[in-house]
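Beneath this line is the structure, given in structure tokens, with notes to follow.
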Amino acid sequence: MLHGGDYNPDQWLDRPDILSDDIKFMKLSHTNTFSVGIFAWSALEPEEGVYTFEWLDEIIDNIYSIGGRVILATPSGARPAWMSQKYPEVLRVNARREKHLHGARHNHCFTSEVYREKTQTINRLLAERYGEHPALIMWHISNEYGGECHCGKCQNAFREWLKVKYNNDLKALNDAWWGPFWSHTIFDWSQIDSPSPIGENAVHGHNLDWKRFVTDQTIDFYKNEIVPIREITPDIPITTNFMADTFDLIPFQGLDYSEFAEHLDVISWDAYPAWHNDWETTADLAMKVGFIDDLYRSMKQQPFLLMESTPSHVNWHEVNKAKRPGMQLLSSMQMIAHGSDSVMYFQWRKSRGSSEKFHGAVVDHDNSPNNRVFQEVAEVGKTLEKLSDVVGTNRKADVAIFYDWESNWALNDAQGYGLKTKRYPQTLQDHYRTFWENDIPVDVVTKEHDFSNYKLLVVPMLYLVSEDTIARLRKYVAAGGRLVMTYISGVVNEHDLTYLGGWHKDLREMFGINPVETDTFFPNDRNAITYAGKTYEVKDYATVIELGNAQAQAVYHDDFYANTPAVTSNSYGEGKTYYIGARLEDDFHRNFYQQLIAELGLAPVVKVTHGKGVSVQTRQSEDTNYVFVMNFTEEEQVVGLESPVTDLVTKESLSGEITLKRYEVRILEAK
Amino acid sequence: MLHGGDYNPDQWLDRPDILSDDIKFMKLSHTNTFSVGIFAWSALEPEEGVYTFEWLDEIIDNIYSIGGRVILATPSGARPAWMSQKYPEVLRVNARREKHLHGARHNHCFTSEVYREKTQTINRLLAERYGEHPALIMWHISNEYGGECHCGKCQNAFREWLKVKYNNDLKALNDAWWGPFWSHTIFDWSQIDSPSPIGENAVHGHNLDWKRFVTDQTIDFYKNEIVPIREITPDIPITTNFMADTFDLIPFQGLDYSEFAEHLDVISWDAYPAWHNDWETTADLAMKVGFIDDLYRSMKQQPFLLMESTPSHVNWHEVNKAKRPGMQLLSSMQMIAHGSDSVMYFQWRKSRGSSEKFHGAVVDHDNSPNNRVFQEVAEVGKTLEKLSDVVGTNRKADVAIFYDWESNWALNDAQGYGLKTKRYPQTLQDHYRTFWENDIPVDVVTKEHDFSNYKLLVVPMLYLVSEDTIARLRKYVAAGGRLVMTYISGVVNEHDLTYLGGWHKDLREMFGINPVETDTFFPNDRNAITYAGKTYEVKDYATVIELGNAQAQAVYHDDFYANTPAVTSNSYGEGKTYYIGARLEDDFHRNFYQQLIAELGLAPVVKVTHGKGVSVQTRQSEDTNYVFVMNFTEEEQVVGLESPVTDLVTKESLSGEITLKRYEVRILEAK
Amino acid sequence: MLHGGDYNPDQWLDRPDILSDDIKFMKLSHTNTFSVGIFAWSALEPEEGVYTFEWLDEIIDNIYSIGGRVILATPSGARPAWMSQKYPEVLRVNARREKHLHGARHNHCFTSEVYREKTQTINRLLAERYGEHPALIMWHISNEYGGECHCGKCQNAFREWLKVKYNNDLKALNDAWWGPFWSHTIFDWSQIDSPSPIGENAVHGHNLDWKRFVTDQTIDFYKNEIVPIREITPDIPITTNFMADTFDLIPFQGLDYSEFAEHLDVISWDAYPAWHNDWETTADLAMKVGFIDDLYRSMKQQPFLLMESTPSHVNWHEVNKAKRPGMQLLSSMQMIAHGSDSVMYFQWRKSRGSSEKFHGAVVDHDNSPNNRVFQEVAEVGKTLEKLSDVVGTNRKADVAIFYDWESNWALNDAQGYGLKTKRYPQTLQDHYRTFWENDIPVDVVTKEHDFSNYKLLVVPMLYLVSEDTIARLRKYVAAGGRLVMTYISGVVNEHDLTYLGGWHKDLREMFGINPVETDTFFPNDRNAITYAGKTYEVKDYATVIELGNAQAQAVYHDDFYANTPAVTSNSYGEGKTYYIGARLEDDFHRNFYQQLIAELGLAPVVKVTHGKGVSVQTRQSEDTNYVFVMNFTEEEQVVGLESPVTDLVTKESLSGEITLKRYEVRILEAK
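Protein chains in written order, with UniProt numbering: chain A, 1 to 671; chain B, 1 to 671; chain C, 1 to 671.
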């Protein structure tokens with residue numbers, strides 16, 4: 001198990017005492033792995049072509065001397081000032097067409113030949129110098145890729161990308177972008193510009209293609225970065241650190257990670273939930289973390305890495321509250337439980353100055369191993385040392401929830417429905433909740449996945465869906481799968497063009513219904529449904545459904561569609577489909593999915609009885625289940641073990657009832 | 001009665017099946033008139049000087065073949081990409097002095113010689129080709145004119161406009177703009193720029209003149225557009241579609257329509273109230289619609305056209321909720337009741353892609369005539385077919401409310417009072433409410449109108465008022481008119497310069513008072529008045545009044561001006577004036593105006609008794625009254641007919657009590 | 001006592017009747033002093049090098065003819081249009097690097113050689129022409145200096161300023177700015193730009209130095225302005241008008257006035273509290289005014305001037321409410337009570353046009369001396385005529401509160417804690433409140449002050465503190481002083497670099513504690529402490545304290561640090577320190593400081609018993625105390641005089657109980 005974090009010794013090169021304390025504290029904190037070189041370009045190449053690797057040699061050697069390992073970063077996340085000054089083309093231009101000044105980070109032009117060349121050069125030197133260093137275990141390419149550039153080079157690259165996509169056929173592009181609307185036909189490729197607040201911004205096909213281009217160009221930049229690395233160190237795995245979006249904790253929306261994932265050897269991500277906030281329960285936030293974990297894990301169906309987390313608080317939330325005692329271990333173990341083979345921190349040591357000096361770190365400004373945070377990190381380290389058998393194990397799920405970046409982009413961009421109530425990622429988390437509460441493993445899959453092994457596939461709000469995906473969903477159900485869909489699904493194809501002639505014929509057949517209207521609610525509007533004898537509140541959206549062969553499972557209470565179907569089910573081929581026509585309160589999801597869980601015999605890997613707010617997640621090797629029992633509440637919780645297990649940390653044998661303190665986690669081995 | 005809407009077949013030229021369905025569905029939906037060619041420039045002139053009218057020929061012929069008619073649009077609302085590329089001067093520059101890129105719509109430079117020439121050329125070709133087509137009944141010039149350009153050409157045009165306005169006398173301009181304040185004297189015409197967030201923006205005379213210039217330059221652009229059209233088709237009437245502002249539904253504020261109206265043959269407008277919203281009653285929203293109708297109708301004192309409306313929902317509100325069953329007919333009939341000779345929709349058919357694909361349409365993506373919306377449109381069509389006698393009839397009003405665009409601009413720009421509580425248009429609607437609730441016809445007039453025929457003239461919050469208007473008001477009262485004014489009236493002249501020496505002498509004489517202070521309230525501040533034995537709440541504004549010859553009709557309860565006059569009346573010449581010193585709750589207006597209604601013997605054209613939320617509006621021919629009885633509530637309503645009438649739709653004779661279902665409308669003929 | 005205000009006759013040069021009324025009304029209003037020439041540049045130099053002083057000669061002569069005096073302004077607050085047109089370098093460039101157009105005011109480039117030269121030229125002419133005029137009593141340099149310029153000249157000036165500050169040592173700058181973080185090392189001075197939203201904006205040392213530069217460059221511009229003035233009129237004192245920030249009333253944050261103060265002969269400021277607002281009591285707002293007065297007075301430890309205030313309302317608040325009767329006198333007297341030797345207004349007369357025409361004035365648009373505002377001004381004038389003995393007297397305080405502009409800037413810029421809950425100036429006002437409520441005089445001091453004469457020094461939230469200041473605080477306590485500090489103090493040094501190794505050793509010694517964590521609260525989070533047997537609510541911040549030699553005076557109720565110290569005290573040398581670890585409700589401050597007041601024998605200069613909302617403030621000459629008893633409530637208040645006094649206005653002898661009406665003020669002489 002990797003335990004450590006981002007280490008930026010280049011901030012302390014004139015403080016050998018600090019560097020020496022670092023090595024001492026690394027041992028004390030039971031850490032073993034450090035990401036180095038992120039943002040170190042100025043320290044590595046202070047003048048064009050003049051390199052100063054010596055300090056890094058020493059750092060890596062020192063880490064290795066205590067048995068530590070290194071994840072070596074390429075420095076492209078920020079560049080030296082001399083480069084921006086000499087080659088202004090490396091600077092980004094924003095959508096308003098303003099060329100940015102030097103400063104900040106994550107802001108290079110992703111098309112600039114100069115920047116690509118400079119990046120390859122330094123990466124090659126790093127690979128040559130450290131490729132065979134025994135401490136090197138992984139490459140960390142750049143940092144938190146994101147953003148976009150609208151400079152002239154990028155405009156050309158976008159046009160070339162479109163030519164390829166549309167086979168040099170401008171008519172095809174005009175068809176996809178619905179060109180004649182508002183006279184927006186493109187007559188020549190040179191007339192295309194990227195979307196802009198002071199230009200074109202309401203052509204959805206155009207916006208969607210731009211977002212796809214941004215993902216592709218980012219990946220292209222990344223692929224350029226790794227050329228020398230693959231060449232020189234073909235056996236060292238490569239990652240780059242993914243992100244999530246806040247303030248709701250949802251998957252990062254800026255790039256289509258499902259496209260990016262295939263180019264990485266290992267997925268890693270930076271998780272910064274706002275624990276102990278005042279707008280949701282701890283358990284609900286934990287559920288959201290689990291959702292993203294399960295998405296990022298499912299992309300490659302292999303363990304991922306927690307690349308960054310804070311051992312206390314961040315400094316960029318609106319309120320930066322520290323983790324309460326216990327949360328450091330609990331939140332770290334949750335990541336392991338969902339498939340991480342690491343607990344890594346940003347940052348090893350707080351910097352003295354500049355904008356992240358108040359971001360939590362293992363070593364605080366007091367430079368002491370005695371404070372609460374350091375001690376809790378050390379406890380995580382000691383725990384992780386007991387979990388080496390867990391490394392490499394995965395999770396097996398019978399349930400999948402379908403997540404699609406492109407559909408999210410298209411829906412968010414759609415002019416229609418309720419501007420503030422689309423909330424696609426949050427809606428998926430609402431559907432995930434019941435499984436999480438019941439300890440049923442879930443994969444969160446993307447459109448390239450094979451669905452066939454899942455007993456249940458949940459596809460909420462899939463606004464954009466291609467013919468191909470529809471065909472695959474149909475095949476899945478026909479072969480016996482259970483498929484749940486909801487309101488605002490199957491509206492547009494991959495060009496963001498609506499399906500004509502009503503809901504797609506195959507969907508109508510599969511679901512035995514025709515959704516004829518989507519009613520969009522004002523914030524204070526309400527309706528309700530009756531399902532299985534109970535009443536549940538509707539808000540935001542309600543689909544008016546024309547019933548075909550399907551059975552109505554619930555009906556609306558009010559409005560002009562009172563007593564018409566709200567939830568339906570239909571047998572199709574060997575399988576069965578369910579359509580949830582409205583946005584319903586959590587309790588509906590609980591009862592609806594509980595029914596399916598029962599029918600399909602879905603169950604936790606290891607059964608542990610518990611109350612609300614306790615989560616039991618399992619990783620499985622061939623012969624062993626590693627069970628993480630986690631109390632995400634502020635109260636003591638009694639949990640019941642159905643069969644005897646061993647506590648992996650204390651080595652105790654346990655059975656029957658055990659009590660977990662607030663935020664306590666137990667890690668159990670069940671054969 | 002025109003019934004139909006915006007038709008954009010240029011989006012479907014490669015789908016003859018769709019075009020053929022359109023013709024079929026036009027018949028089925030009982031529609032008869034279509035606005036074509038809006039935004040069709042790219043389809044009509046795909047290359048500079050290369051024209052492709054053939055598709056439009058066919059469309060118009062096809063419409064005509066089923067008895068339909070065409071309102072032909074000039075395409076200047078959006079231009080082809082080749083034009084922006086070849087002639088960048090057609091692109092608009094915003095107030096921040098950023099030149100916009102090609103894209104979006106309604107964004108040409110209104111001064112550009114090139115754009116004016118290109119527009120005339122295509123308009124001439126359209127007039128030549130279709131001027132004699134029997135289907136052509138009207139011209140639709142451009143689309144929803146609005147916005148402004150700050151490019152160099154426009155700066156020059158603004159300077160020339162100012163030279164004309166001020167007779168080349170810079171001293172006159174400096175006097176009007178109060179130049180010496182903050183040393184802002186203009187020493188040379190070349191020193192004048194348009195207002196800008198990065199330049200001058202707080203000189204009110206300057207801002208006001210800029211807004212006037214924008215109206216004039218927009219009209220000038222329009223006049224340039226119609227030159228070939230008037231020349232070739234002198235007998236085809238011309239309109240352009242006006243708008244309203246949301247989210248409160250108030251008259252469009254961007255252009256002074258009272259200036260624009262005289263250049264049009266027919267007023268038409270695009271009405272998009274947010275029916276069924278969660279912040280006001282249906283009746284109150286209907287009242288606001290009626291207010292705008294009565295304003296746009298009064299401008300030319302002739303029927304107007306409803307040029308655009310949605311048969312279901314829009315796609316650009318924050319929440320896009322569909323009309324409930326019945327609302328389509330009710331809301332359409334309300335427009336007829338207030339003077340429209342049409343019910344037209346945006347849009348005939350939903351586009352497949354781009355930003356308005358979710359805007360309501362007669363034909364939905366299902367391409368079916370069977371859905372609820374289509375059926376309700378057809379019902380409107382059938383109803384309209386019974387209303388042909390109503391065409392051309394007008395409404396006669398004894399009450400006028402005075403609306404002034406310039407005063408609204410000046411007040412909104414004024415630094416003073418409460419930033420968020422000015423609400424001039426909304427205040428006028430508050431005064432209109434009582435008359436609407438009591439079925440008393442109202443004209444909403446602008447400053448060029450002859451007031452002499454009205455028994456009552458209501459002039460709320462007329463911040464800016466010229467000497468000339470004061471003289472006309474005085475003449476009106478002296479001759480026997482009743483005039484109501486309120487707080488924040490008569491403050492500045494047409495240059496936004498305050499009157500000196502206290503309130504204008506003529507106003508003081510007419511009203512017999514001197515308003516000495518305007519008290520501005522914080523949001524939680526309240527006062528109250530006693531009027532006719534009842535207490536009414538004051539908020540936002542209270543005028544402290546020095547009583548002259550007037551009589552106090554109400555006094556304030558609290559604060560340092562407790563027991564001083566809040567509402568006064570005064571006899572002047574043959575007439576009488578009333579001054580309402582404070583912003584008062586609706587019930588005050590109800591009681592105050594009820595008193596005047598009684599005194600002046602104001603009455604509905606046809607008396608129908610009813611409860612709250614029912615509106616009765618009448619159009620009158622020489623011998624017949626067409627009475628629209630409309631239930632703008634969610635409940636059944638019983639209404640009482642004083643004399644026997646005939647239902648125009650069912651042909652039933654009716655008398656006594658009849659019951660209207662929620663949202664039901666009955667259209668009655670009373671001789 | 002100066003009484004008068006800003007007088008802008010250049011707006012009325014073609015209205016001799018108005019200018020003649022002005023002189024008449026000046027006498028009637030009991031005013032005696034007028035600030036003239038502010039924004040008069042266009043009127044004084046309508047063409048480059050062509051001067052028209054004649055009108056100003058006449059104005060000054062006329063004022064002098066009635067015994068009035070003049071504060072003569074330099075006109076640099078706004079420039080003539082011809083200058084911007086001919087010398088564009090005088091125009092400001094904003095942080096986004098947009099060059100502003102001509103317009104508005106307070107927007108010159110503070111580096112431009114041309115503007116500095118033009119300014120000196122006109123100032124020299126003013127000094128030469130009016131330097132010996134007997135009416136001239138003071139210079140008013142420019143107007144409300146503020147803002148910043150980012151043009152190329154300013155970039156160079158910033159770089160030169162940095163070279164001087166860092167002794168041409170780029171390493172020193174990189175150390176201070178913590179350069180290696182995010183690879184932000186500066187390799188050459190030319191790589192430095194000012195902070196920008198489209199460039200560098202998150203390097204705190206950089207931001208802080210930029211703000212210091214802005215203050216220094218503003219002062220440098222000012223020093224350039226006064227060169228000819230000092231030369232020609234060495235005996236005429238110089239001021240410039242300072243400001244406060246709204247909407248909370250706090251000291252102006254844009255410039256470090258503690259640096260500026262030493263270059264002025266007299267401090268003056270423009271006070272615009274939002275009296276009668278709906279979010280705080282009148283007394284609380286009065287307390288905030290008092291705080292700023294005591295800060296601006298303490299800077300030079302001499303009386304200041306109220307340079308601008310409104311006799312009624314302003315026009316730039318969101319709600320512009322007029323002062324209720326009595327408030328004009330009360331609020332004016334409060335300024336005198338806290339050390340002002342003037343009551344001056346913006347503005348003498350309302351302008352007819354442009355953006356300040358609705359700002360309150362002595363003479364309203366009615367041009368009448370009979371309205372309420374004019375009468376209340378005259379009453380102030382009459383009262384001031386009785387207060388001549390008060391002129392020049394000061395206030396003596398045993399308590400000081402420490403205010404630091406740089407710390408406020410650094411804390412506001414800090415990424416960390418709660419974004420919206422830093423509120424440094426407001427926190428100081430919270431600590432000031434108890435003394436104000438108990439009529440104990442307070443100095444609000446800045447870091448250059450000598451602390452030794454104070455019995456008590458209160459230093460809340462001093463985030464940034466230099467070694468030097470720590471040493472001075474230590475010396476103060478060691479010599480017997482009492483020092484109160486709070487949470488978030490002593491975090492960073494003058495470069496915004498954190499202290500390493502935990503809280504500064506000297507602070508730990510002085511306070512006998514080690515603050516180990518700062519807990520940051522979400523808005524709904526709460527904790528509480530018990531202090532002296534009572535419970536007080538904590539919000540926003542709580543420090544977890546490790547107790548050394550100190551004594552715990554209060555402990556926390558809840559959370560993981562329940563029962564640990566929240567408030568501590570410690571004996572150090574001859575003195576004593578107190579540490580308040582949490583943000584506590586007002587009642588805690590009341591009880592905490594009441595204790596210290598008792599222990600230290602702090603007392604009002606003259607004891608007057610009264611209820612809440614009455615303030616008693618005293619100015620002291622060698623033998624006389626001038627006691628201002630002010631009722632800042634909406635009710636009658638009975639106050640008790642301990643010894644007989646004389647009413648300075650009525651000359652009555654008073655003793656025992658007297659009753660003050662709402663907003664009433666009594667000014668008493670106590671020997």
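Virtual Cβ for every residue (Gly too), placed ideally from N, Cα, C.
Residue 197/A holds the alpha-carbon nearest to the alpha-carbon of residue 101/B among 197/A, 90/A, 30/A. With a cutoff of 7 angstroms on beta-carbon distance, residue 250/A and residue 300/A are scored as not near each other.
Of all residues in the segment 522-534 of chain B, only 522, 523, 524, 525 place a beta-carbon less than 9 angstroms from a beta-carbon of chain C.
Listed along the chain, the chain A residues whose CB falls inside 8 angstroms of the CB of residue 365/B are 498, 499, 500, 501, 502.
The CB of residue 576/A never comes closer than 8 angstroms to any CB in chain B; the least such distance is about 26 angstroms.
Rounded to the nearest angstrom, the gap between the Cα atoms of residue 53/C and residue 176/B is 24 angstroms. Here the C-alpha atom of residue 336/A lies approximately 8 angstroms from the C-alpha atom of residue 343/A. For residue 516/A, the closest of 37/B, 370/B, 199/B by C-alpha to C-alpha distance is 370/B.
The segment 405-425 of chain C makes contact with the segment 307-322 of chain A: 3 or more CB pairs, one atom from each, lie closer than 8 angstroms.
Residue pairing by DSSP places residue 444/C opposite 401/C in a beta bridge.
Here DSSP, grouped into helix, strand and coil, assigns residue 589/A to helix.
Taking C-beta separations shorter than 6 angstroms and ignoring five residues to either side along the sequence, the partners of residue 519/A in its chain run 542, following chain order.
Each residue's CA atom was taken as its position, placing residue 446/A and residue 403/A some 5 angstroms apart. Scanning its chain for C-beta atoms nearer than 8 angstroms, with the 5 sequence neighbours on each side dropped, one finds around residue 304/B the residues 266, 267, 268, 269, 293, 296, 297, 339, 340, 341, in chain order. Between residue 581/C and residue 545/C a beta carbon distance of about 5 angstroms is seen, short of the 8 angstroms cut, so the two are scored as contacting.
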